[in-house]
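Take a look at the structure below.
Protein chains: 4
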Amino acid sequence: MPNSLGKLFTITTWGESHGPGVGVVVDGCPPGLPLTAPDIQTDLDRRRPGQSDIVTPRQEADAVEILSGIFEGRTTGTPIALMVRNADQRPGAYDEMRNKFRPSHADYTYQAKFGLRDHRGGGRSSARETVGRVAAGAIARKILALAGGVEIRAFVTRIHDLAVPSAVLETFPTLAEVEATAVRCPHPATAAAMIDRIKQVRATGDSVGGVIAGRVRGVPAGLGEPVFDRLEADLAKAMLSLPATKGFELGSGFAGTLLKGSEHNDAFAPRAGGGVRTLTNRSGGVQGGISNGEEIAFSVAFKPTATILQPQQTVDLEGHATELAARGRHDPCVVPRAVVLVEAMTALVLVDHWMRHAAQNRTFKF
Amino acid sequence: MPNSLGKLFTITTWGESHGPGVGVVVDGCPPGLPLTAPDIQTDLDRRRPGQSDIVTPRQEADAVEILSGIFEGRTTGTPIALMVRNADQRPGAYDEMRNKFRPSHADYTYQAKFGLRDHRGGGRSSARETVGRVAAGAIARKILALAGGVEIRAFVTRIHDLAVPSAVLETFPTLAEVEATAVRCPHPATAAAMIDRIKQVRATGDSVGGVIAGRVRGVPAGLGEPVFDRLEADLAKAMLSLPATKGFELGSGFAGTLLKGSEHNDAFAPRAGGGVRTLTNRSGGVQGGISNGEEIAFSVAFKPTATILQPQQTVDLEGHATELAARGRHDPCVVPRAVVLVEAMTALVLVDHWMRHAAQNRTFKF
Amino acid sequence: MPNSLGKLFTITTWGESHGPGVGVVVDGCPPGLPLTAPDIQTDLDRRRPGQSDIVTPRQEADAVEILSGIFEGRTTGTPIALMVRNADQRPGAYDEMRNKFRPSHADYTYQAKFGLRDHRGGGRSSARETVGRVAAGAIARKILALAGGVEIRAFVTRIHDLAVPSAVLETFPTLAEVEATAVRCPHPATAAAMIDRIKQVRATGDSVGGVIAGRVRGVPAGLGEPVFDRLEADLAKAMLSLPATKGFELGSGFAGTLLKGSEHNDAFAPRAGGGVRTLTNRSGGVQGGISNGEEIAFSVAFKPTATILQPQQTVDLEGHATELAARGRHDPCVVPRAVVLVEAMTALVLVDHWMRHAAQNRTFKF
Amino acid sequence: MPNSLGKLFTITTWGESHGPGVGVVVDGCPPGLPLTAPDIQTDLDRRRPGQSDIVTPRQEADAVEILSGIFEGRTTGTPIALMVRNADQRPGAYDEMRNKFRPSHADYTYQAKFGLRDHRGGGRSSARETVGRVAAGAIARKILALAGGVEIRAFVTRIHDLAVPSAVLETFPTLAEVEATAVRCPHPATAAAMIDRIKQVRATGDSVGGVIAGRVRGVPAGLGEPVFDRLEADLAKAMLSLPATKGFELGSGFAGTLLKGSEHNDAFAPRAGGGVRTLTNRSGGVQGGISNGEEIAFSVAFKPTATILQPQQTVDLEGHATELAARGRHDPCVVPRAVVLVEAMTALVLVDHWMRHAAQNRTFKF
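Residue numbers (my numbering), protein chains in the order written: chain A, 8 to 373; chain B, 8 to 373; chain C, 8 to 373; chain D, 8 to 373.
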């Protein structure tokens with residue numbers, strides 16, 4: 008089931024960029040959760056194209072329709088099907104892509120794998136697929152907020168070579184701070200520079216990438232299922248399943264390898280009110296694959312958008328060398344719209360792990 | 008099934024550091040593969056403690072016993088059970104750990120999750136669990152080599168702040184070059200410095216980490232199952248499921264976010280003899296979650312070993328602040344022994360994806 | 008994922024009797040299959056309410072909409088989402104069921120499990136959910152027919168105590184013979200009696216059940232995945248997952264236990280043109296959990312419809328004894344409409360097993 | 008993972024009849040369960056060959072070794088690996104089977120599926136594989152007994168044409184009553200006749216089958232995961248995954264189809280002390296795929312043992328007609344030893360469903 012994620016709280020996404028629509032089925036949602044379309048729409052609007060002048064101008068209302076699983080405003084425990092119709096399609100803009108593979112896109116690999124492909128707007132490989140993830144993620148996030156008091160925040164820490172001051176990495180910005188700018192970087196000065204940079208590269212038909220930080224607070228100790236379904240392993244998979252991602256690191260990450268053990272270890276201390284805390288958090292909130300109750304902290308790398316408006320060397324379906332200059336609407340930088348994707352994937356992983364943990368450790372008492 | 012990995016070629020590992028033994032069951036192995044214990048032992052010996060003077064002195068022959076699934080030297084398609092008995096156990100060396108949580112180890116989180124734990128040598132969270140992964144990985148690697156001509160190579164590219172020259176990252180070293188030094192870095196001068204560094208930190212009761220590169224050649228285009236089981240997503244999960252890992256990056260990785268799209272894209276060109284190749288490989292051999300036929304290239308970050316011989320601040324089972332100075336045998340740097348783990352996990356992911364791809368795309372013809 | 012079935016060819020159904028609609032997502036469908044809405048509609052029409060005077064008069068066109076996964080008339084290997092809008096809803100007819108549990112329905116158990124339920128028409132437990140199964144089954148059946156020459160036939164062998172002559176059980180009726188009567192029994196005289204019986208019980212506000220036989224020919228030897236995913240085990244599960252089923256038997260079934268081994272065993276003989284056949288088929292086409300190339304033969308028991316128009320003793324939401332007389336439209340006998348369900352489930356199991364078999368046994372050559 | 012069963016409480020069995028041993032890995036076991044080898048051995052002894060004069064004389068102590076997952080007498084939540092060494096092997100007794108397919112055995116289908124097979128004693132298709140199921144089932148049963156007060160009982164209700172009086176089917180016999188006779192039928196007079204019948208057929212080199220009833224009491228309402236993982240669907244699959252099974256029925260089963268709805272429905276009544284009960288139990292304790300709190304009741308058909316000592320017509324590996332007369336030790340009737348298998352499979356399904364139910368319905372509160 009390559010289009011499903013999660014063992015107990017499971018989502019299955021479907022849909023292509025230029026088909027009738029995109030959607031998701033959420034199976035395993037706990038019953039009794041108050042849920043209405045606006046709960047979901049809020050996050051969809053943060054992902055929506057056309058939301059600012061630094062993202063793709065494709066016009067999509069992305070209005071969610073709830074098709075099942077809700078009765079009188081509450082989840083019933085049965086599958087929740089959600090659908091968004093595609094509206095602003097311009098398949099003609101993609102005619103050249105029918106026969107030419109766009110460099111660093113999925114055109115060639117889909118053709119090689121399946122023997123045929125829906126070339127319009129990238130078909131299934133389009134980031135439009137993530138509509139379903141965000142819709143499902145909104146449900147997961149509501150569960151975590153209501154039942155667990157968990158807060159999830161993602162934000163942009165670097166665009167191209169413009170990075171926030173390192174002190175910002177130690178903060179847990181508010182949603183308002185993140186949403187204050189179109190680039191979703193909570194440091195206003197850096198955000199302004201980032202927006203300028205994105206407009207510059209767009210003007211030259213080029214693109215840039217960047218880094219998003221993910222933070223979670225309120226997760227109890229105990230989530231994560233070693234040895235293979237370690238919490239960071241499932242977070243890594245979830246993030247690397249997003250289009251355009253190239254890397255994941257937890258806590259100290261790659262930089263942590265520059266420290267000695269004596270510098271890197273997180274000393275334990277009693278937590279006021281009982282329990283245990285760590286004095287530092289190089290572990291990123293996960294030890295031995297299991298949450299330790301500290302803030303979960305990770306970063307995700309997004310490559311520069313593959314679609315650029317400059318001519319590129321490529322090959323056609325018959326295997327002949329040719330040249331391609333992309334048309335069609337696209338984001339000069341996917342990172343600002345990916346912030347809500349990182350949050351959605353995080354929420355989905357956490358709800359699933361919370362249920363798995365409870366199943367093994369809370370069902371039976373001896 | 009948190010202790011299983013893979014959908015069609017599935018491994019299930021079991022065992023603790025100081026229990027009777029460790030092992031693995033491989034389910035779904037193709038029938039007819041010639042397989043004997045030495046095929047597996049070769050890789051186990053590369054993981055074995057006591058193999059050099061920079062790793063833990065624990066003495067374990069790690070001799071594998073094949074318990075099922077082989078008949079007259081060939082796999083039968085039924086589960087292959089493999090077991091290694093634990094030999095050199097010194098549970099007494101871990102008495103202090105019964106009541107004290109070792110910083111940046113899994114002691115506290117296992118206790119928090121399960122309410123009890125086998126504290127001896129870290130129990131299930133010990134790297135000794137990876138014996139089963141390496142044994143299963145040896146089978147996967149043999150399948151890939153025999154049936155697909157696939158070569159997998161991992162090697163150390165950095166220990167602490169000692170990195171190989173960047174030109175080395177462009178090479179595909181031979182197994183002999185990797186195995187030439189105890190640290191498994193194919194650049195002899197850097198390897199010598201790394202070995203010195205490891206001995207230095209051991210002498211001070213400290214530890215270091217580093218980075219391992221993974222490389223695969225011979226993988227055909229088409230492996231990877233979007234949207235969630237993208238090849239890089241499953242590689243990321245597999246790597247982050249290894250103890251002590253903190254990060255994963257594919258191809259250009261985090262550094263790739265410093266490039267513009269026009270610099271980052273991999274142009275396509277006709278491949279001599281038919282097909283398509285890329286002129287550069289910033290994609291790391293995967294595009295849109297599917298292999299493109301180029302070399303697969305990634306890196307994994309390993310933190311400094313959490314076990315150090317210096318006194319550390321911690322908490323005991325009753326929640327009181329205390330101090331702990333580790334005893335017991337350990338690696339001052341896990342990276343050299345982790346090379347074969349990275350190779351094993353890579354092989355396991357690739358065989359599983361190869362079978363999944365064939366199932367969907369090769370079973371039926373229309 | 009309780010609403011998903013299949014490991015490689017996976018369906019996920021969603022929807023309630025009186026929600027916006029019902030549907031299914033098919034994940035893992037092989038690419039390149041020619042597929043249009045009429046391919047699916049044909050089977051949906053066989054399941055459709057209102058199709059004859061012995062089934063429920065609920066009026067539903069059940070027109071399928073293909074939402075994804077098809078491009079220019081062929082499957083692309085990506086998820087196929089199918090939806091049918093609900094039309095003829097009369098939620099008011101179910102007001103009494105909000106507070107009273109219908110005997111031998113799922114009302115009480117859904118309430119007990121989830122703490123709330125959509126009572127309208129049985130909500131998720133309605134047989135309306137099987138629309139998605141039939142739609143997905145039509146795809147599976149087309150794959151089997153086109154790529155494997157496999158024929159699947161189900162037919163009614165008993166309604167209440169009216170059974171076909173035993174000779175009929177040895178035949179493989181044509182689709183036309185099955186569809187010739189509203190009751191889908193290929194023996195015309197028995198069919199006429201069955202139809203009379205159904206009309207009789209309907210007239211008294213009562214209901215009846217019966218038995219459906221399933222037959223498949225053209226399945227090669229080798230499908231089935233011991234030890235747990237034996238072919239008959241997965242068939243049994245698929246059939247018992249259908250509403251109103253009470254039993255499953257393969258080949259000789261329960262009656263076979265009345266024979267001695269010397270009477271029951273199926274002798275082997277050379278098959279003309281190579282291979283092996285059995286002289287009898289008490290095995291039902293499966294031996295040791297794996298198809299042997301003979302006709303697959305099984306039976307499924309369906310209980311009398313739980314909805315009857317006679318007053319029944321029950322309990323309300325507050326736990327008080329009360330009485331309930333069903334209203335709402337219903338089938339006096341579900342068996343005729345269940346024939347296509349049995350075929351659909353059979354097709355789904357076979358395609359999934361075919362792909363699993365090929366994955367393990369055809370991917371790699373040694 | 009064809010050799011694994013269960014989504015949260017997962018068992019993976021391995022081993023062949025004449026390999027080094029057989030075993031199982033249990034993943035997902037709740038932590039804190041007191042568990043020692045004798046807890047498991049008790050059930051293994053009920054499955055053991057050589058236990059009476061109506062079963063196979065193969066001598067196996069079947070002494071279980073616990074290899075992992077237990078610390079100081081309690082489960083730790085990590086995988087529990089259990090192993091039994093094979094002892095009384097006589098591979099030479101099976102030489103003829105290397106080249107000839109035994110009728111109604113799995114010899115031909117394994118050969119057809121995998122292209123090779125371990126012919127000794129049936130290899131993987133031997134009922135010896137069920138050692139692992141029984142060992143794992145003993146753990147599941149202990150969980151249910153300790154934490155839920157659940158009792159599981161299976162017993163023989165028919166051997167060949169010798170059936171217990173129908174009143175016996177309404178009882179819940181004690182374990183002592185079941186174990187009182189070698190045939191495990193709790194009705195002494197019938198049991199005596201059954202034992203005679205088994206000895207008779209053995210004397211003529213023939214074999215018989217029969218029917219086993221399964222009963223469970225103490226299961227709360229709410230277990231079962233519609234629409235596909237209905238409780239009876241998973242029970243049916245578990246039972247049909249046992250060697251030699253040909254049918255499964257729940258509650259009224261096939262006979263229930265002879266009743267009208269007004270006769271078949273189980274009226275609801277208030278339960279003393281709160282809740283709801285049914286006045287009859289034709290549903291077999293499951294409604295809409297979910298347990299309703301009543302006794303779970305089902306039956307399983309076992310065919311006559313395929314191994315008989317009379318000459319039979321068959322085919323050899325080269326496809327030539329030939330004759331085969333079995334040698335080797337075998338059971339003239341597998342049913343008495345299968346009683347504990349039915350109990351084990353029932354326990355495994357129930358624990359898994361209990362955990363799944365709790366995960367969705369008890370983890371989060373709104």
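Virtual Cβ for every residue (Gly too), placed ideally from N, Cα, C.
Give a yes or no on whether the minimum CB-CB distance between residue i and chain A is below 7 Å.
i: F78 (chain C); result: yes
i: G128 (chain B); result: no
i: M362 (chain D); result: yes
i: V341 (chain C); result: no
i: Q367 (chain D); result: yes
i: E158 (chain C); result: no
Could you give the distance in angstroms between the alpha-carbon of residue i and the alpha-carbon of residue j?
i: A152 (chain C); j: E158 (chain C); result: 6 Å
i: A113 (chain D); j: G129 (chain D); result: 7 Å
i: Q207 (chain A); j: K267 (chain A); result: 41 Å
i: N383 (chain A); j: L249 (chain C); result: Within the shown structure, residues of chain A are numbered from 8 to 373, placing residue 383 (chain A) beyond reach of any answer.
i: G281 (chain C); j: E79 (chain B); result: 27 Å
i: R92 (chain A); j: V234 (chain D); result: 27 Å
So, are the CB atoms of residue i and residue j less than 7 Å apart?
i: V163 (chain C); j: V347 (chain C); result: no
i: K372 (chain D); j: A134 (chain A); result: no
i: R54 (chain C); j: V141 (chain C); result: yes
i: T63 (chain B); j: R336 (chain B); result: yes
i: Q367 (chain C); j: P9 (chain B); result: no
i: I146 (chain D); j: G231 (chain D); result: no
i: T49 (chain A); j: G35 (chain A); result: no
i: P339 (chain B); j: R209 (chain B); result: yes
i: T370 (chain A); j: M352 (chain D); result: no
i: R222 (chain D); j: F179 (chain D); result: yes
For chain B, find out if any of its Cβ atoms is closer than 7 Å to the Cβ of residue i; answer yes or no.
i: L74 (chain D); result: yes
i: M8 (chain D); result: yes
Taking only beta-carbon positions, decide if residue i is within less than 7 Å of chain C.
i: K372 (chain B); result: yes
i: I61 (chain D); result: no
i: P86 (chain A); result: yes
Does the CB of residue i have a neighbour CB from chain D at under 7 Å?
i: D359 (chain C); result: no
i: P37 (chain A); result: yes
Is there at least one non-hydrogen atom of the ligand MN closer than 6 Å to the beta-carbon of residue i?
i: P227 (chain A); result: For the ligand MN, the structure offers nothing, since it holds no ligand at all.
With a cut-off of 8 Å on the beta carbons, I'd call residue i and residue j a contact; round off their distance for me.
i: A243 (chain D); j: L247 (chain C); result: 4 Å
i: R289 (chain D); j: S259 (chain D); result: 4 Å
i: E67 (chain C); j: D95 (chain C); result: 6 Å
Inset, instruction - For the segment 167-227 of chain C, list the alpha helix (DSSP H) runs that are entirely contained and at least 4 residues long, ordered along the chain. - result: 182-186, 195-210
Inset, instruction - Quick one: which unbroken beta strand (DSSP E) runs of 3-plus residues sit fully inside the segment 278-325 of chain B? Chain order, please. - result: 283-285, 303-309, 319-322
Legend entry - Length at least 4, wholly inside the segment 12-92 of chain C: the alpha helix (DSSP H) runs in chain order: 44-54
Inset, instruction - Starting from the N-terminal side, write out each stretch of the alpha helix (DSSP H) that is 4 residues or longer and does not extend beyond the segment 93-163 of chain D. - result: 114-121, 137-150
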